[in-house]
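A short write-up of the structure that comes next.
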Amino acid sequence: MKTYGRTMKEIRLSKGILLKELIDEQLSMSLLSQFENEKTTISCERFHRLLSKLEVTFDEFIWIQTGNIFSASQLEIIEYVEYMDIESITEWAKLEAKYHELQNYYHDNYSLELDHLLQLFRFDLAMKKGIIEGTPLLTSYQKHSHYLDSAKHYLLNTETWGVYELKLFTRIAVGMEPALLFRCLKIAIKKGQRFAKISGNKDILYQTFPTIFSAFCLVKEVAYAKNTFELWKTRVFEDEHIEQAVFLPFYEGWIAFLEDDLALAHRLMDQSLNHLETLGMLKSLTGYRRFKQLILTNEFPGIIVNDPLFGEFFDVKNY
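Take 1067 as the starting number for the sequence shown in my numbering and just add one per residue.
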């Protein structure tokens, strides 16, 4: 189990915060450095002051410190997610009952993450009920996006974006208005630059791009999808990120499909598939072949999800 000092350092680095940014009248550079390097301890008051500066709850801190894969509240979330793939009003009623169970759990076990995800699940419930009753997807999407207003407010008013904020951004992307979604993407890129160079965090922002891109594709916002792709491509070229470059033609092909150029879509997507086969990336090759089929037959169910709480890369939920 990690020490408190080592855990605090890990959280600070994950948010790209410099040690000097935490200094105040109670927290000197020397004290913080010694604490992080396990050479001294600090008072409870100073410890909670640090948590506040890092925008982390004590429960979240303990979860990181103990090294558990999932916290108790995250296990509750994962159980709820398993019920989210519904097609009938009967299944919807069962999902609503599970939502109220999760809400009751939240009342006794507060966490910021669960707070935000309950907003997402409320949005999801309302939108799915509308779709089941015959409301067009985009109409239902626009009608119920207000359920995520609090989470949007949190992102726009959080000065320091770390790993959690990027995850939250991708989780609520499906319910954000296109202009706001693109604005937040630019914020993510700007704020993410601070910690992306830290070991272990290099690809975190890259995991964000496919989700945001697919959210724009879902609502047929082609111009925003193209702008997102250009930001993504620029980042890939600047970082000389070879693995990411392999996938870019595929997503450019998705844009071609939305612009009704099916021949170009096939050609660009196949370019990525050929690269994957040549490089021996067989798991990705299998997934992207299926992905291509879903997109080009208008059967792709929603947005790309790359989140341990929501399943693996192609286990997308029916938004």
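Note that beta-carbon positions come from the ideal geometry of N, C-alpha and C, so glycine has one too.
Under DSSP, the alpha helix (DSSP H) around Ser1177 begins and ends at which residues? Stepping through the sequence shown from its first residue, residue 1177 is reached at position 111. Unbroken run through Ser1177: none, as it is neither H nor E.
Would you report the Cα separation of Lys1122 and Ala1311, rounded to the nearest angstrom? Along the sequence shown, one-based indexing puts residue 1122 at 56. Along the sequence shown, one-based indexing puts residue 1311 at 245. According to the sequence provided, residue 1122 is Val. The question's Lys does not apply to it. Their Cα atoms are separated by approximately 35 Å.
Alpha helix (DSSP H) segments (min. 4 residues) lying fully within the stretch 1340 to 1368: DSSP runs (the alpha helix (DSSP H)) wholly in the stretch 1340 to 1368: 1348 to 1362.
Helix, strand or coil for Trp1215, going by three-state DSSP, please let me know. On the sequence shown, residue 1215 is found 149 positions in, with the first residue counted as 1. Here residue 1215 turns out to be Asp, not Trp, going by the sequence shown. Secondary structure of Asp1215 (DSSP, three-state): helix.
Assign Asn1372 to one of two classes, buried (16 or more other C-beta atoms within 10 Å of its C-beta) or exposed (fewer than that). For the purposes of this step, residue 1372 is identified with residue 306 of the sequence shown, where counting begins at 1. Burial of Asn1372 is indicated by the presence of at least 16 other C-beta atoms within 10 angstroms of its C-beta.
With a Cβ-Cβ cutoff of 8 Å, do Leu1314 and Lys1292 count as a contact? As a working note, residue 1314 is residue 248 in the sequence shown. As a working note, residue 1292 is residue 226 in the sequence shown. In this structure, Leu1314 lies away from Lys1292, with their beta-carbon atoms at least 8 Å apart.
Given this structure, state the Cα-to-Cα distance separating Ala1289 from Arg1237, to the nearest angstrom. Counted from its first residue, the sequence shown places residue 1289 at position 223. Counted from its first residue, the sequence shown places residue 1237 at position 171. Within the model, the alpha-carbon separation for Ala1289 versus Arg1237 is close to 22 Å.
Would you check if the distance between the CB atom of Glu1102 and the CB atom of Lys1068 is smaller than 8 Å? Counting from 1 along the sequence shown, the entry for residue 1102 is found at position 36. Counting from 1 along the sequence shown, the entry for residue 1068 is found at position 2. No, these two residues do not count as a Cβ contact at 8 Å.
Between which residues of its own chain and Asp1381 is the CB-CB distance below 7 Å, once the five residues before and five after are set aside? Reading the sequence shown from its first residue, position 315 is the one you call residue 1381. Residue placement at Asp1381 is poorly supported in this model, since its pLDDT is 39, which falls under 50; the coordinates still yield a value, given next. Cβ neighbours of Asp1381 beyond the five flanking positions: Val1371.
Are there 16 or more other CB atoms within 10 angstroms of the CB of His1114, so buried, or fewer, so exposed? Start at 1 with the first residue of the sequence shown, and residue 1114 comes out as number 48. Exposed.
Alpha helix (DSSP H) segment containing Asn1293, residue limits: Taking the first residue of the sequence shown as 1, we reach residue 1293 at position 227. It spans Val1288 to Asp1305 - the alpha helix (DSSP H) in which Asn1293 sits, taken as one unbroken run.
Specify, as a first and last residue, the run of the alpha helix (DSSP H) that Ile1077 falls within. Counting from 1 along the sequence shown, the entry for residue 1077 is found at position 11. Element bounds for Ile1077: Tyr1070 to Ser1080.
Buried or exposed: where does Asp1090 fall if 16 or more other Cβ atoms within 10 Å of its Cβ makes it buried? Your numbering for residue 1090 matches position 24 in the sequence shown. Taking all protein chains in view, the Cβ of Asp1090 is surrounded by fewer than 16 other Cβ atoms within 10 Å, so the residue is classified as exposed.
Local Cβ density within 10 Å of Gly1346, reported as buried at 16 or more and exposed below that: Locating residue 1346 in the sequence shown gives position 280, counting from the first residue. The residue in question, Gly1346, is exposed, as its Cβ has fewer than 16 Cβ neighbours within 10 Å.
If the criterion is Cβ atoms closer than 8 Å, does the pair Ser1350 and Phe1316 meet it? Mapped onto the sequence shown, residue 1350 falls at position 284. Mapped onto the sequence shown, residue 1316 falls at position 250. If you check the CB distance, Ser1350 and Phe1316 do not come in under 8 Å.
Does Cys1283 pass the burial test, meaning 16 or more other C-beta atoms within 10 Å, or should it be called exposed? For this step, residue 1283 is matched to residue 217 along the sequence shown. Buried.
Using a Cβ-Cβ cut-off of 6 Å (strictly less than) and excluding sequence neighbours within five positions of Ser1265, which residues of its own chain qualify? On the sequence shown, residue 1265 is found 199 positions in, with the first residue counted as 1. Note on Ser1265: pLDDT 49, under 50, position unreliable in the model; the coordinate value appears next. Cβ neighbours of Ser1265 beyond the five flanking positions: none.
By Cβ distance below 8 Å, which residues in the same chain neighbour Leu1117 in space, the five residues on each side in sequence not counted? Taking the sequence shown and counting its residues from 1, one reaches residue 1117 at position 51. Result list for Leu1117: Thr1123, Phe1124 and Phe1127, in chain order.
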